[in-house]
Amino acid sequence: MKKDTKIVHAGRHPEQYLGAVNPPVYHVSTVTYPTIAAMTAGERKPFDGMRYGRFGTPTSFALEEAVAALEGGYRSVSTASGLAAITGTLTALLKTGDHVLMVDSVYFPTRRFCQDQLKRCGIETTFYDPLLGADIASLMRPETRVVFVESPGSLTFEVQDIPAIAAVAHAGGAIVVMDNTWATPLFFQPFDKGVDISLQAGTKFIVGHSDAMLGIITCATEELWHIVKSSVAQSGVCAGSEEVFLGLRGLRTLSVRLRQHQESGLALASWLSQRPEVRRVMHPALPEDPGHTLWKRDFTGACGLFGLELKPCSEVAVAAFLDGLAHFGLGYSWGGFESLIIPTTEGIRRTAAPWQTEGPTLRIHTGLEDPSDLIADLALGFERLAATA
Ligand SMILES: Cc1ncc(COP(=O)(O)O)c(C=O)c1O
């Protein structure tokens, strides 16, 4: 089955719901059993079937089945947010004395979780240069349990050599965990590239409409799935029923939306790269991007999220550019139908590989508006910037 067909069918079982195309939303905490024998049988397989609302419902099982099929993994676990998927996975895998190799371009709250929570538990994190491929071997220790990748980084858009990193990690006995939110399962197949656990902030492209928080963890093997599912269940963090439904609903149109995000994002990125006010555009699908070769080798597409560096200009000029935009919201998210823009100069925190820029940096999430309207809006923004500079 091709991806576009799989995305329509995976996880759907109309025969179980009187023929309804989509599963209903199960509003449930309590589940009752017909007999004590059935109750005891359920305890032997705690995560299969309905036992208690927190462990999952037919709606969450459907979403998990669909995402696991698309990612190409064994099975998935849904969580209350993308960050909960990240922290739930790290908590499941790590214990006191372990060591984590964390990519320096990682989503900031993941960095903070390592620096605060993991450190408090006696787990050490070493941040590494995203551009290290097989050379990551020099940072591996006998106690390195997790090598975490996020490619491209969601602020600097550096592309990682994941197969090379995974080969080194596995040789050292470590588990490779990837934040695959930028590419989604449609544009990057994590398990073919050596990843063991793939994480999605479902909040972004899977939900796709900026109206729900959701995370999904997909594991390569049954063993890893049991470790992660048990730990997430013990933590008490589960995805809400409505959110899971919105994730499932968004998923069905992910491929058409993503194709449009890609096309419009490339139109904006190409236009911006020709503008005199722009020093460089950070978009791995542009041939001149430093990550382009790796992106072309490993990815099958690009979403509409990318960065740009302006030529040096004042904060007031940047504010004039941003404040008057009609079609770009100022918001810290992405993946929804609407375009967003944020300044990123202050948000890029690096400790292993310095990030050098001359001018202010911005991030654009290209929504589903007509790209010519978006370009016209940005052009007016540059006029305001020039008038203020
Ligand atoms: C790359 C990346 N991963 C994970 C997350 C966390 O997702 P959530 O906001 O659903 O917790 C985000 C959110 O912005 C993100 O950008």
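For the sequence shown, the working numbering begins at 525 and goes up steadily by one. Even glycine gets a Cβ: it sits at the ideal position worked out from N, Cα and C. Computed from a prediction, not measured in an experiment: that's the story for all the values here.
Counted as a single uninterrupted DSSP element, the alpha helix (DSSP H) harbouring S755 occupies residues E746 to S759. Relative to ligand 1, the beta carbon of A725 is positioned inside 7 Å of a heavy atom.
A distance below 8 Å separates the beta carbons of F672 and V630. When P548, A725, D847 and Q786 are compared, the shortest CA-CA separation from F823 is found for Q786. Of all alpha-carbon atoms in G764, P582, F861 and L625, the one lying nearest the alpha-carbon of V780 is that of F861. With a threshold of 7 Å, the Cβ atom of I610 counts as near ligand 1, since some heavy atom of the ligand is closer than that.
Annotation for H785: the continuous alpha helix (DSSP H) segment containing it runs L778 to S797. Around the CB of Q540, fewer than 16 other CB atoms lie within 10 Å, so the residue is classed as exposed. Approximately 6 Å separates the beta-carbon atoms of L782 and F729; this is inside 8 Å, confirming the contact. When the five nearest sequence neighbours on each side are left out, the beta carbons in the same chain lying within less than 7 Å of the beta carbon of W879 are those of T680 and I872, in order along the chain.
Judged by DSSP in its simplified three-state form, L772 adopts helix.
DSSP, reduced to helix, strand and coil, places G577 within a helical segment of the structure shown. Around the beta-carbon of G606, 16 or more other beta-carbon atoms lie within 10 Å, marking it buried. Between ligand 1 and S584, a heavy atom-to-CB distance of less than 7 Å is absent. For T708, the shortest separation between its Cβ and any heavy atom of ligand 1 does not lie below 7 Å. As the crow flies, the alpha-carbon of I865 is around 9 Å from that of T890.
In this structure the stretch 785-804 does not touch the stretch 612-624; the number of beta carbon pairs closer than 8 Å is below three.
Residue range G606 to L617 is occupied by the alpha helix (DSSP H) that includes I610. Look at S600 here: in three-state DSSP terms it is strand.
For E833, the enclosing beta strand (DSSP E) has its first and last residue at L829 to L834. Contact holds between the stretch 571-584 and the stretch 755-765, because three or more Cβ pairs, one in each stretch, are under 8 Å apart.
Within the same chain, Cβ atoms closer than 7 Å to the Cβ of A793 are found at V805, H807, L810 and F830, the five residues on either side in sequence being excluded.
The beta carbon of P895 sits closer than 7 Å to those of S788, A791 and L792, all from its chain and outside the five residues before and after it, given in chain order. Taking 7 Å as the cut-off, the C-beta of G606 counts as close to a heavy atom of ligand 1.
Excluding its 5 nearest sequence neighbours in each direction, S553 has C-beta neighbours in its own chain below 8 Å: Y576, G577 and R578, listed in chain order.
DSSP places S584 in the helix class (H, G or I) of the three-state scheme. D622 is classed as buried because its beta carbon has at least 16 other beta carbons within 10 Å across all chains shown.
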